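Below is one structure, written out as structure tokens, with a few remarks after it.
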């Protein structure tokens, strides 16, 4: 029973459909902002917990910094303010008063406050107080917070005015140590995307014109959505001494000389959920990888006659007790017994739309035979959609089944990514012809639609205008460079650098 | 080695001292806001995790609602906006532009946005979309978020312009069900304060003039600080149909009639950390209850000669491996091995100032004898401060020791609370004389300083002015009413209601 719009019908509408049918989020009456509903927020909580563990196991500590940044703090780093000035929410008053029968902003602030679009400016100020000597370094902190960027074309999860994220901020005694940190956290993002979200990514460096405002280098993980567009899933920035100079984060080094520290910052946001949707969801709705599913297994009782209820309930309770001992991925299983007063068919479809990895339907016949009906979400459109297995087999195999589902989801997405990076587009003419097409859904296991091109780039100043004209972007300069000579796909000039070209979210 | 200011010297300065010496938080350059540092944030994470489990186990689900609330939403509930209008951060512009060489707010919004001081107004709007039929009720949601109230006299943890909290919001089909929810969550707060924070509280209802703006009834948990002042630790509001009418949360009931829903809201914040400090900290610094200590046990190696290092490290590693299996309170132990390059004495004092419940000092002599030096934070000023125990005894008793420390901390605070509620002040004259004194530190195990008075209140309209004159407040109307007749301590009129009078934070 497909959604109102399938991926083929209308990809952007399908995306909205998936979210609303899975009840993950909705547009709010607060313009450009979203309400993240329990199923969407549950996914975020899982992502947060997994990555928080990584943050802590790599010696970072969580803090919380003010959301309001005095305007003057932004004046200190020119590139930084240029990059964000156009999309800043500005607090100018601290009360409301009645004026002519109308509630009106009152008590104007001496200095306007910016609602953080990112926290380098305010955290650098703290670092400047904390760091005096090389003994105080490194400083390794992180915060989970809301941030605001005044998006003019908001889209659930991908681009909303307010969103949730984590932002790591570190300060180091040497450039080398800071660069290592930047790359380590990029690797942590790759691992998060691939191993937890089952979302394969390309890793690399951003070209100069795509860098974070104020950074020396920006590294990124880029995923391919089912319509061949790229999604920037996470970024890690080497900030050099730019913010340290702006905020005076200086320290006395081992040679007893004063020096500016080297800082980094890195972040991933609720945008990842948009990436998960467009990596895994299908025409029936959402599909959540088991590692981040709020419920990995949902049990739907099927009670056809009232007199069956006691027996079915008893049987289910026994199974629940046994399943609770199971530890897929080495963790407590997340199990839901759906006892609501609705039909089992409605419940099945609801959990299918939400993308619960495994649904167990259990009725009188199953109770009598010691069996269960098991439905794997990722197999819903295949002949193996339903399987009746014994209770023993269920208990014995459920953990490995969830682990296999996670692997299968990654493998399928990885195959799509790999087979849709064109490397045979080698002339500017072919390149133009390729990107003259618009992005469409890439059917599972297929190639041929517009997606990524890996090819040469000269780094010429004309690039930006040409990219704009073609409505494409350079996603990254991959770490694995071939080193061969070739022709820049934008300008036709000789070029050596391999880049990934694509349209993007 | 006491702090610069003891509780007796200067109680407010002692409070600031405890926070800065424990490195829990500091004032930020963002006016009125604080930076919560790792040790403070770690305590908050523990409180959050414990209460989040409670929220979920009582069928509430986490969501996230926008932080920006359109101004017009506040106009819908008159009392609500009156209560908060004086302390609202107002966003009026969405970008910065250069004007006359100065960064200036630009692009004025059509409608100003309020940074949430609390979220009833915006959540009620969502509820109005979600609730159509009695089948959609109850709605039980919670969010962990930052909120802003424009405090003019900010104070770390107790009163900052931005703070962190959880806010639960629910909608029900009947007043009775909503009232039950309100009281259940109040009970959850009592449990959180007493069983997790080891902070005893009084529970009751707020008098009319202390209610949450827009509520029908506000219930609260009130704690007593070491200077006899009260701290409102959490509140739970029965909102009746006030917000439902304002935002049109209506539903078709079982009788097929349209009706407004009944809503509740309830919250606790980072203010609880201020309460924990003023309940448990002493003249040596912070004391953290084991249940919320980021580290329950800290191991400090004592290496006097370089040649001892290997043996001591080996011995410590064996102990760490054994201790990791211990599960105080039925949870994984939180253990820190402090390997930093500092003196063991400095480390001991640092962890003492931070209030780690148990510090283990382990050196060569201990390694040779199979012993450890154990220091319990709460005993630091007693002859039992240090004890040398065998490794076996340590392993066998550490979990129960931490559990006993938690209990002892609660018992001590409970004794202070109980013995400092005066019930023998029965005339307005004595009452005035009592509160003519100013609040001072109540030495452990002592009474006689200004603290709480439990006595009669007539509910007379003059009360507010009299309370202001005496600079005191009615903290709550306790649930356990005696029902006897008596004299109102404010007005001298006949009165039946028992209330708790106190100064407060």
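Chains as they are written, first to last, in this note's numbering: chain C, 1 to 505; chain H, 1 to 505. By construction, the Cβ of each residue, glycine as well, lies at the ideal position given by its N, Cα and C atoms. From a predicted model like this one, the values you see are computed outputs, not experimental measurements.
**Asked** List, in order along the chain, the chain C residues whose C-beta lies closer than 9 Å to that of residue 30(H)?
**Response** Translated into positions along the second chain, residue 30(H) becomes position 30. The contacting residues are 65, 66, 67, 68, 69, 70, 73, 113, 122 and 125.
**Message:** Let's see if you can read the secondary structure: which residues bound the alpha helix (DSSP H) around residue 364(C)?
**Reply:** The residue you call residue 364(C) lines up with position 364 of the first chain. 364-369 is the span of the alpha helix (DSSP H), which, as asked, contains residue 364(C).
**Prompt:** Hey, out of 51(C), 192(C) and 207(C), whose CA is closest to residue 200(C)'s CA?
**Reply:** For the purposes of this step, residue 200(C) is identified with residue 200 of the first chain, where counting begins at 1. Comparing Cα positions, the closest option is 192(C).
**Asked** Quick one, are the C-beta atoms of residue 155(C) and residue 32(C) less than 7 Å apart?
**Response** As a working mapping, residue 155(C) is identified with position 155 in the first chain. As a working mapping, residue 32(C) is identified with position 32 in the first chain. Against a cut-off of 7 Å, the Cβ pair of residue 32(C) and residue 155(C) comes out as no contact.
**Request:** State the CB to CB distance for the pair residue 81(H) and residue 272(C), rounded to an integer number of angstroms; the pair is presumed to be in contact (CB under 8 Å).
**Result:** Indexing the second chain from 1 puts residue 81(H) at position 81. Indexing the first chain from 1 puts residue 272(C) at position 272. Their Cβ separation, rounded to whole angstroms, is 37 Å, which puts residue 81(H) and residue 272(C) out of contact at 8 Å.
**Message:** I want to verify the contact list: residues of chain C whose CB lies under 7 Å from the CB of residue 95(H), in sequence order.
**Reply:** Position 95 of the second chain, counting from 1, holds the residue named residue 95(H). Ordered by position in chain C, the residues that pass the 7 Å Cβ test against residue 95(H) are 85, 86, 87, 88 and 150.
**Item:** Residues of the region 158-186 of chain H whose Cβ lies closer than 8 Å to any Cβ of chain C, in chain order
**Value:** 161, 162 and 164
**Item:** Classification of residue 111(C) by the beta-carbon crowding that lies within 10 angstroms, buried from 16 upward
**Value:** By 1-based counting over the first chain, the position of residue 111(C) is 111. Classification for residue 111(C): exposed.
**Asked** Cβ of residue 248(C) within 7 Å of Cβ of residue 94(C)?
**Response** Against the first chain, residue 248(C) aligns to sequence position 248. Against the first chain, residue 94(C) aligns to sequence position 94. For residue 248(C) and residue 94(C), no; Cβs fall outside 7 Å.
**Request:** Report the residue from 184(H), 141(H), 165(H) and 503(H) whose alpha carbon sits nearest the alpha carbon of residue 467(H).
**Result:** Numbered from its first residue, the second chain carries residue 467(H) at position 467. Ranking 184(H), 141(H), 165(H) and 503(H) by Cα distance to residue 467(H) puts 503(H) first.
**Item:** CA-to-CA distance, residue 91(C) to residue 549(C), given in whole angstroms
**Value:** The structure shown does not extend to residue 549(C), since chain C spans only 1 to 505, so no value can be given for it.
**Message:** So that I know if they touch, is there some Cβ in chain H lying closer than 7 Å to that of residue 36(C)?
**Reply:** As a position in the first chain, residue 36(C) is number 36, starting the count at 1. Output row for residue 36(C): interface = yes.
**Item:** Under the three-state DSSP convention, the category residue 303(H) falls into
**Value:** For this step, residue 303(H) is matched to residue 303 along the second chain. Note: residue 303(H) maps to coil in three-state DSSP.
**Request:** Reducing DSSP to helix, strand and coil, say where residue 199(C) ends up.
**Result:** Here residue 199(C) is taken as the residue at index 199 of the first chain, counted from 1. In the structure shown, residue 199(C) sits in coil (DSSP, three-state: anything other than H, G, I, E or B).
**Request:** Could you have a look at residue 54(C) and say whether DSSP puts it in helix, strand or coil?
**Result:** As a working note, residue 54(C) is residue 54 in the first chain. In the structure shown, residue 54(C) sits in a helix (DSSP, three-state: H, G or I).
**Request:** State the Cα-Cα distance for the pair residue 496(H) and residue 481(H), rounded to the nearest angstrom.
**Result:** Here the question's residue 496(H) lines up with position 496 in the second chain. Here the question's residue 481(H) lines up with position 481 in the second chain. Straight-line Cα distance between these residues: approximately 9 Å.
**Item:** Status (buried if at least 16 other CB within 10 Å, exposed otherwise) for residue 184(C)
**Value:** The residue given as residue 184(C) occupies position 184 in the first chain. That one is exposed.
**Item:** Residue nearest to residue 326(H) in terms of C-alpha spacing, selected from 393(H), 287(H), 159(H) and 62(H)
**Value:** Stepping through the second chain from its first residue, residue 326(H) is reached at position 326. The option with the nearest alpha carbon to residue 326(H) is 393(H).
**Asked** Quick one: is residue 56(H) buried, meaning 16 or more other Cβ sit within 10 Å of its Cβ, or exposed?
**Response** In the second chain, counting from the first residue as 1, residue 56(H) sits at position 56. The residue is exposed, with fewer than 16 neighbouring Cβ atoms inside 10 Å.
**Message:** Please give the ranges of any beta strand (DSSP E) in the region 13-75 of chain H, keeping only runs that are unbroken, at least 3 residues long and fully inside the region.
**Reply:** 25-27, 34-36 and 68-70
**Message:** For a quick check, are the C-beta atoms of residue 22(C) and residue 34(C) less than 7 Å apart?
**Reply:** Along the first chain, read from residue 1 onward, the residue named residue 22(C) stands at position 22. Along the first chain, read from residue 1 onward, the residue named residue 34(C) stands at position 34. No, they are not a contact pair.
**Message:** Beta carbons nearer than 9 Å to chain H: which residues of the region 243-262 of chain C have them?
**Reply:** none
**Cβ separation of residue 50(C) and residue 196(C), assumed to be a contact under 8 Å, to the nearest whole Å** = For this step, residue 50(C) is matched to residue 50 along the first chain. For this step, residue 196(C) is matched to residue 196 along the first chain. So it is a contact: roughly 5 Å between Cβ atoms.
**Message:** Can you look up residue 232(H) in the DSSP assignment and give me helix, strand or coil?
**Reply:** Here residue 232(H) refers to the residue found at position 232 when the second chain is read from its first residue. Note: residue 232(H) maps to strand in three-state DSSP.
**Asked** Which residues bound the beta strand (DSSP E) around residue 114(C)?
**Response** The sequence position of residue 114(C) within the first chain is 114, counting from 1. Start and end: 102-115.
**Item:** Inter-residue spacing [alpha-carbon to alpha-carbon] between residue 1(C) and residue 284(C)
**Value:** Your numbering for residue 1(C) matches position 1 in the first chain. Your numbering for residue 284(C) matches position 284 in the first chain. Distance between the alpha carbons of residue 1(C) and residue 284(C) is about 6 Å.
**DSSP bridge partner residues for residue 209(H) (one or two, in chain order)** = Within the second chain, the letter at position 209 stands for residue 209(H). Bridge partners of residue 209(H): none, in fact.
**Asked** Would you call the CB atoms of residue 209(H) and residue 464(H) closer than 7 Å?
**Response** Residue numbering aside, residue 209(H) sits at position 209 when the second chain is read from its first letter. Residue numbering aside, residue 464(H) sits at position 464 when the second chain is read from its first letter. For residue 209(H) and residue 464(H), yes; Cβs fall inside 7 Å.
**Request:** Express the C-alpha separation of residue 359(H) and residue 486(H) in angstroms, rounding to a whole number.
**Result:** Here residue 486(H) refers to the residue found at position 486 when the second chain is read from its first residue. Here residue 359(H) refers to the residue found at position 359 when the second chain is read from its first residue. Those two C-alpha atoms are separated by around 52 Å.
**Straight-line gap, residue 369(H) to residue 309(H) (C-alpha atoms, nearest Å)** = As a position in the second chain, residue 369(H) is number 369, starting the count at 1. As a position in the second chain, residue 309(H) is number 309, starting the count at 1. Answer to the nearest angstrom: the Cα atoms are 16 Å apart.
**Message:** Please report the distance separating the alpha-carbon of residue 391(C) from that of residue 10(C).
**Reply:** Taking the first chain and counting its residues from 1, the one referred to as residue 391(C) is at position 391. Taking the first chain and counting its residues from 1, the one referred to as residue 10(C) is at position 10. Whole-angstrom Cα-Cα distance: 42 Å.
**Message:** Buried or exposed for residue 400(H), going by 16 or more other Cβ atoms inside 10 Å?
**Reply:** Working through the second chain from its first residue, we reach residue 400(H) at position 400. Counting Cβ neighbours within 10 Å, residue 400(H) comes out exposed, since fewer than 16 surround it.
**Prompt:** Which stretch, first to last residue, makes up the alpha helix (DSSP H) that contains residue 469(H)?
**Reply:** Residue mapping note: residue 469(H) aligns to position 469 of the second chain, counting from 1. Element bounds for residue 469(H): 463-470.
**Message:** Under 7 Å, Cβ to Cβ, is there at least one residue of chain C near residue 279(H)?
**Reply:** Indexing the second chain from 1 puts residue 279(H) at position 279. Chain C contact via Cβ: absent.
**Message:** I'd like the list of long-range same chain contacts for residue 164(C), defined as Cβ closer than 7 Å, with 5 residues on each side in sequence excluded.
**Reply:** Residue numbering aside, residue 164(C) sits at position 164 when the first chain is read from its first letter. Correct list, in chain order: 44, 146, 269 and 270.
**Asked** How would you list, in chain order, the residues of chain H whose beta-carbon sits under 8 Å from the beta-carbon of residue 91(C)?
**Response** Within the first chain, the letter at position 91 stands for residue 91(C). Simply 89, 90, 91, 92 and 115.
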